[in-house]
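Residue numbers (our numbering): 2 to 644.
Comments concern the structure below.
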């Protein structure tokens, strides 16, 4: 501010201090204007208060009786003057009517509304205090000594208060009255709302509002839709709030037994208010509401990320504006569920790190709303986000909750219940809890046979899943038996050229290789390669994957010339199609290197074992469970031989 007002611009200087209520804008302005001799203070809360202040200026200077008389006097006054428009928070108020039209004079504005920057030659956002300043303010307000012991306690308190000046002043006044510096943090955590609402008998200054009443006044000016948006956002993380959460939810199509269409009516009705007449997302409408919230600094927009944030204390306070927070919690949980299920798994994987803090916060309260269908619905889809990020333990915890809710709501034999059991089994498999996975998969297969019959696609899928678990457990004969059944059924039901049939052939070949029945594996893999060439073309990723599998079998058979020719062909095609750095290209390169090392150095050489372990990790990342397990078993066998 000093730098701005000290420069000679040859025109009127206007400076804006803006930010959240309670951030200390007025205090900064009052401290600065002490350097000016002719200062005129105007309460800019409303049009009436501005006009009253200008009338008083005219009357005390004996220059007239109207606001226009005061403005005319300022226009003509050659000596330096400074006008402070304090608390110009009303976004509907046009300040242009009250600015002296001249090329001289100085004006400072304080406001919660960043849009007033349109008037200002320069501006500053007034946000949270620096730690040292915040500690000093607290100890001064509390009338406590500024010594190291007190500083350490105060540092924890101001951190909990998110370094907000008004909250710190309130805390200081309470401590001064009660002498509870050492106990304040404990009291605050137990009675946060009460302490932030309570106006101390002896105030630090003439500021008449507490933290919560300051924000409540802003909240009461909001339109109902903007108020609801703020309240809903108080249940997700205060940072990284994106329009996409709501936009994606708007594309949700009803698709499951739980919740029913009726149970999602309210969340969908809210979302529908952001849609155009043709049903597409209306970004302009969303922008209008977020602009309304920004006008009171209740939310902030970060241009570099395109995301919104809410001050942590405002975030907590917003929930105090609701008569029934659980309803809003359920509401937002349903919206998040609708949002997640409406995007592809690939997109979800990309945005999972950004989504996770929101989901974590939502799920903290999910167990409190057990009978609520919307919360259940969201849980179903939220666990997949944890699984996508590799947080399998957390995913399994949620899946257990989902499974119990599904059983209660739909019954043990409902298709969605069986789907939930199978999904939990898959997570257990990834966690290495193979016996738990086996137990669930045996149960699913038994129920699917009874309910749907042995030839139903879901029953065949259940057989295939159990076969993979048997393979991983080393129960190869059981795996072989099931995989043969799966292949025969898929040939009969789907035909020999169906993708699911070809996958079944490839999976059975893996088991044959592990059993040492290499000719059987070769026969199946040659058939898969030929069919995929015919159906998909030589350059399709599935065809190249089948070629790579066949090359591995040739290597085991000692057909080294065929192995090398096929591996070089696959590697060349993957480089050309996918690029040198693509995971599939790198996998093929690792396979090629491993075969060379096995031929030259042998299986037991440290370099060979290291490549095997690296390739095993690559397979795991690519979700190739059978290949991962086969390599793991091979490495274990080699280690045993070496021992």
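Yeah, the Cβ is synthetic: ideal placement off N, Cα and C, and Gly gets one too.
Range of the contiguous beta strand (DSSP E) that encloses residue i
i, result
"residue 297", "Residue 297 -> no beta strand (DSSP E), and no H or E assigned at all."
"residue 83", "83-87"
"residue 38", "No beta strand (DSSP E) holds residue 38; DSSP gives it neither H nor E."
"residue 402", "Note, residue 402: premise wrong, no beta strand (DSSP E); alpha helix (DSSP H) at 393-411."
"residue 14", "14-19"
"residue 223", "It is not in any beta strand (DSSP E) - residue 223 carries neither H nor E in the DSSP assignment."
"residue 236", "Taken as a continuous stretch (DSSP letters only), residue 236 belongs to no beta strand (DSSP E), as it is neither H nor E."
"residue 309", "308-310"
For residue j and residue i, the rounded distance between their alpha carbons
i, j, result
"residue 411", "residue 431", "27 angstroms"
"residue 95", "residue 45", "11 angstroms"
"residue 145", "residue 212", "22 angstroms"
"residue 235", "residue 436", "41 angstroms"
"residue 336", "residue 300", "20 angstroms"
"residue 543", "residue 275", "42 angstroms"
"residue 189", "residue 179", "13 angstroms"
"residue 650", "residue 462", "Absent from the model: residue 650. The displayed extent of the chain is 2 to 644, so no value can be given."
"residue 128", "residue 396", "38 angstroms"
"residue 330", "residue 245", "19 angstroms"
"residue 464", "residue 558", "30 angstroms"
"residue 58", "residue 64", "8 angstroms"
"residue 317", "residue 229", "15 angstroms"
"residue 226", "residue 573", "58 angstroms"
"residue 359", "residue 479", "43 angstroms"
"residue 207", "residue 98", "Per-residue confidence for residue 207 stands at a pLDDT of 48, beneath the threshold of 50, marking its modelled position as unreliable; no derived number is given."
"residue 560", "residue 513", "17 angstroms"
"residue 130", "residue 36", "23 angstroms"
"residue 86", "residue 302", "25 angstroms"
"residue 203", "residue 143", "Reliability fails at residue 203, whose pLDDT of 49 lies under 50, so the model's placement of it is uncertain and the value that follows must be treated cautiously. Each residue's alpha carbon lies about 11 angstroms from the other."
"residue 60", "residue 197", "40 angstroms"
"residue 613", "residue 641", "15 angstroms"
"residue 15", "residue 90", "16 angstroms"
"residue 266", "residue 248", "17 angstroms"
"residue 638", "residue 629", "14 angstroms"
"residue 231", "residue 319", "7 angstroms"
"residue 314", "residue 133", "20 angstroms"
"residue 392", "residue 339", "21 angstroms"
"residue 279", "residue 273", "11 angstroms"
"residue 157", "residue 414", "54 angstroms"
"residue 161", "residue 218", "23 angstroms"
"residue 185", "residue 176", "7 angstroms"
8 angstroms contact criterion, which residue i and residue j should meet: CB distance rounded
i, j, result
"residue 343", "residue 250", "7 angstroms"
"residue 522", "residue 533", "Actually they do not touch by this definition, with Cβ atoms about 16 angstroms apart."
"residue 488", "residue 510", "Actually they do not touch by this definition, with Cβ atoms about 10 angstroms apart."
"residue 341", "residue 386", "6 angstroms"
"residue 549", "residue 571", "5 angstroms"
"residue 426", "residue 442", "5 angstroms"
Test: residue i CB closer than 8 angstroms to a CB of chain B
i, result
"residue 498", "The chain inventory of the structure shown lacks chain B, comprising one protein chain alone."
Given residue i as reference, the closest of the options once Cα atoms are compared
i, options, result
"residue 116", "143, 97, 295, 287", "295"
"residue 481", "493, 494, 466, 231", "466"
"residue 84", "13, 422, 289, 92", "13"
"residue 42", "23, 214, 88", "88"
"residue 284", "267, 268, 307", "307"
"residue 445", "423, 184, 433, 219", "423"
"residue 168", "181, 135, 152, 184", "135"
"residue 103", "612, 529, 76, 638", "76"
"residue 310", "241, 282, 287", "241"
"residue 401", "414, 390, 416, 429", "429"
"residue 239", "350, 617, 216, 361", "361"
"residue 537", "503, 554, 562, 517", "503"
"residue 438", "334, 472, 417, 452", "472"
"residue 453", "441, 416, 224, 425", "416"
"residue 223", "161, 281, 491, 292", "292"
"residue 30", "172, 450, 125, 253", "125"
"residue 122", "243, 17, 545", "17"
Residue i, enclosing alpha helix (DSSP H) - first and last residue
i, result
"residue 70", "68-77"
"residue 361", "346-365"
"residue 112", "Residue 112 -> not in any alpha helix (DSSP H); beta strand (DSSP E) instead, spanning 107-112."
"residue 331", "326-342"
"residue 120", "That residue, residue 120, is in no alpha helix (DSSP H); it is neither H nor E in DSSP."
"residue 136", "132-143"
"residue 319", "313-319"
"residue 148", "Looking at the DSSP string, residue 148 is not in any alpha helix (DSSP H), and its letter there is neither H nor E."
"residue 266", "266-273"
Extract the residue ranges of the alpha helix (DSSP H) inside the segment 440-495, only unbroken runs of 4 or more that lie entirely within it. Taking only runs of at least 4 residues, the alpha helix (DSSP H) segments lying wholly in the segment 440-495 are 458-474, 477-495.
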